[in-house]
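Worksheet: the structure to be examined is printed underneath.
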Amino acid sequence: MCTAFALMLLMFPGLAMLYGGMLNGRSVLNMMMMVMTSLAVTVIVYVLIGHGLVLGESAGGVGVIGDPTSFTFFSTLTSDDGAGTTVTTAFYTLFAAISVALVSSGAAGRMKFDAWMGFAVIWVLVVYAPVAHWAFADDGWFRTVLEVHDYAGGTPVHMNAGAAGLALAIFLGRRAEHDQRPHNLPLTLIGVGMLAMGWMGFNGGSAGGANFVAEYTVMTTLLALAGGMIGYIVMQRIVDGSYTLMGLGTGAIAGLVAITPTADAVDPVFAILVGVVGAAAAFGAVRLAHRFGIDDSADVFAVHGVAGMAAAMLVVFVGSPDAPAHHTGIFFGGGWDMLWRELVAILVTVGFSFCATYAIAWLMDKVSPIRITAKDESIGIDSAEHAEQAYDGDAVPVSELPAEVVEQIMELLRSSDPVPTPRGRG
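Residue numbering for the sequence shown follows UniProt numbering, starting at 1 and increasing by one per position.
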């Protein structure tokens with residue numbers, strides 16, 4: 001579990017690089033700050049009170065929210081109880097923190113930093129904690145009433161964060177047009193690689209120890225990763241006529257998201273299919289979001305929300321009785337009632353998260369505006385909010401130049417005489 005925990009920590013700098021590379025060069029530090037402070041803020045809030053809300057005994061026995069006094073103010077972490085409470089708390093703390101960090105996609109480049117930190121505190125307690133209790137707690141109503149299968153947090157992490165990111169993006173509105181092109185695609189690929197490493201701890205550690213389930217889920221996670229990568233770029237080639245690095249990275253994340261709730265419930269060959277289906281769902285959702293003008297900078301709703309929903313529905317059909325979870329899908333003789341149960345869990349999660357997140361942003365904005373001013377946005381949020389720049393202030397990345405300027409530069413390069421090749425000496 002400690003090894004899985006250490007691997008999961010890689011997800012935070014990985015996500016910072018992924019998201020940072022997808023923004024312009026004047027917003028990259030702000031994006032990285034949002035991701036990393038999500039970790040810092042959530043660790044404190046979750047350990048102090050959040051863990052009780054998530055895994056504490058259900059208040060009133062109805063499976064909606066945990067009793068915060070069950071684990072609070074480090075009271076259960078100071079001695080060895082023989083049940084691994086301390087490492088379990090640490091592990092689930094990172095689940096909460098990465099969920100908050102994912103939501104930052106919807107706020108990229110336009111939300112005041114102090115507002116973001118306040119939002120993170122409220123969101124993890126008001127939105128994340130209830131959904132996580134429904135899915136993770138033994139007496140959560142997703143388990144006791146709906147009896148849905150969610151191995152490693154597809155519902156409370158990915159669908160929840162995806163819907164929240166969408167709500168925040170809609171509330172804040174679009175960035176300026178010139179702010180929407182990625183500035184560093186190689187950086188995003190490094191981020192994807194670090195996230196993939198962390199995901200092995202995320203899914204493998206959810207087995208609760210070094211056992212066969214951990215071995216199995218690491219393998220299905222790897223297969224889904226491969227399926228997502230290949231599936232996404234093949235669809236890009238068919239639809240757009242090209243294979244792109246951004247598509248490869250997006251497909252990788254979509255495949256990883258898709259396998260998260262199903263890693264212990266599908267045969268290895270179906271794990272590849274899960275990755276492909278997750279990539280296909282994300283591929284279509286990214287295009288729809290752009291068509292509707294939704295400025296979700298890192299496509300968290302498409303890649304985490306929609307891909308997660310598609311995979312959750314898929315396991316209803318392809319869950320294998322031979323896999324460790326022994327979750328029998330419809331194709332293997334399982335009952336059709338699983339379909340409506342899974343659908344209810346998805347709709348409740350997405351609906352609650354979207355509405356609650358939008359309400360939090362609206363209330364905060366009524367107290368004090370949470371979006372930066374147009375002037376600060378034109379300067380760049382890194383300079384305006386953090387008094388720092390990622391790159392030399394005298395250098396402007398080509399991706400941020402107006403299209404007509406880039407065309408003029410290219411025309412000059414095409415019309416210039418070739419540089420003579422130096423002759424060797426002797």
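We put the beta carbon where it would ideally sit given N, CA and C, even for glycine.
Beta-bridge analysis with DSSP links R371 to M111. Residue environment analysis places E407 among the exposed positions, since fewer than 16 neighbouring C-beta atoms fall within 10 angstroms of its C-beta. Each residue's CA atom was taken as its position, placing A390 and R26 some 7 Å apart. CA-to-CA, the gap between V348 and I98 works out to about 21 Å. The beta-carbon separation of L187 and G20, rounded to 6 Å, stays under the 8 Å limit for a contact.
Closest option to D67, judged by alpha-carbon separation, among R371, D139, D150 and T260: D139.
Around the Cβ of W199, a 10 Å sphere holds 16 or more other Cβ atoms; the residue is buried. Excluding sequence positions up to five before and after F212, its CB lies within less than 8 Å of the CB of P324, all in the same chain and listed in chain order. Contact check for L314 against V274 passes: the beta carbons are separated by less than 8 Å. Burial state of D240 is exposed, judged by a 10 Å Cβ sphere holding fewer than 16 other Cβ atoms. The three-state secondary structure of S58, taken from DSSP, is strand. In the DSSP secondary-structure assignment, G380 is not bridged to any residue. The alpha-carbon of V316 is positioned some 30 Å away from that of A59.
Bridge pairing for G66: S58 [DSSP].
The straight-line gap separating the alpha-carbon atoms of S70 and E57 is approximately 7 Å. When C-alpha distances from D382 are compared across L9, M22, M338 and V28, the shortest belongs to V28. By the Cβ-count criterion, G278 is buried, with 16 or more other Cβ atoms from all chains shown falling within 10 Å of its own Cβ. Between N30 and H183, the C-beta spacing is not below 8 Å. With a cutoff of 8 Å on beta-carbon distance, M22 and S297 are scored as near each other. Between the stretch 200 to 208 and the stretch 36 to 44 there are fewer than three C-beta pairs closer than 8 Å, too few to call the two in contact. About 6 Å separates the Cβ atoms of G249 and L189, confirming a contact at the 8 Å cut-off. Contact between G308 and G165 is absent: CB atoms are separated by about 12 Å, not below the 8 Å threshold.
Judged by DSSP in its simplified three-state form, A390 adopts coil rather than helix or strand. Where L23 is concerned, there is no enclosing alpha helix (DSSP H), because DSSP gives it neither an H nor an E. Residue burial annotation: K375 is exposed, with fewer than 16 other C-beta atoms found within 10 angstroms of its C-beta.
V100 sits away from W134, with the two beta carbons spaced by 8 Å or more. Between R174 and R371, the C-beta gap is not smaller than 8 Å, which leaves the two residues out of contact. Rounded to the nearest whole angstrom, the C-alpha separation of C355 and L125 is 15 Å. Within the same chain, Cβ atoms closer than 7 Å to the Cβ of L245 are found at L185 and L189, the five residues on either side in sequence being excluded.
With a threshold of 16 other beta carbon atoms within 10 Å, V269 falls short and is exposed. Here the stretch 289 to 306 makes no contact with the stretch 231 to 238; the two share fewer than three CB pairs at distances below 8 Å. If only uninterrupted alpha helix (DSSP H) runs of at least 4 residues are considered, those enclosed by the stretch 166 to 243 are 185 to 205 and 212 to 240. For W336, the three-state secondary structure derived from DSSP is coil. Bounds of the alpha helix (DSSP H) holding I44 are V28 to V45.
Of all alpha-carbon atoms in Y92, M32, Y128 and L18, the one lying nearest the alpha-carbon of A6 is that of Y92.
In the three-state DSSP reduction, Y128 falls in the helix class (H, G or I).
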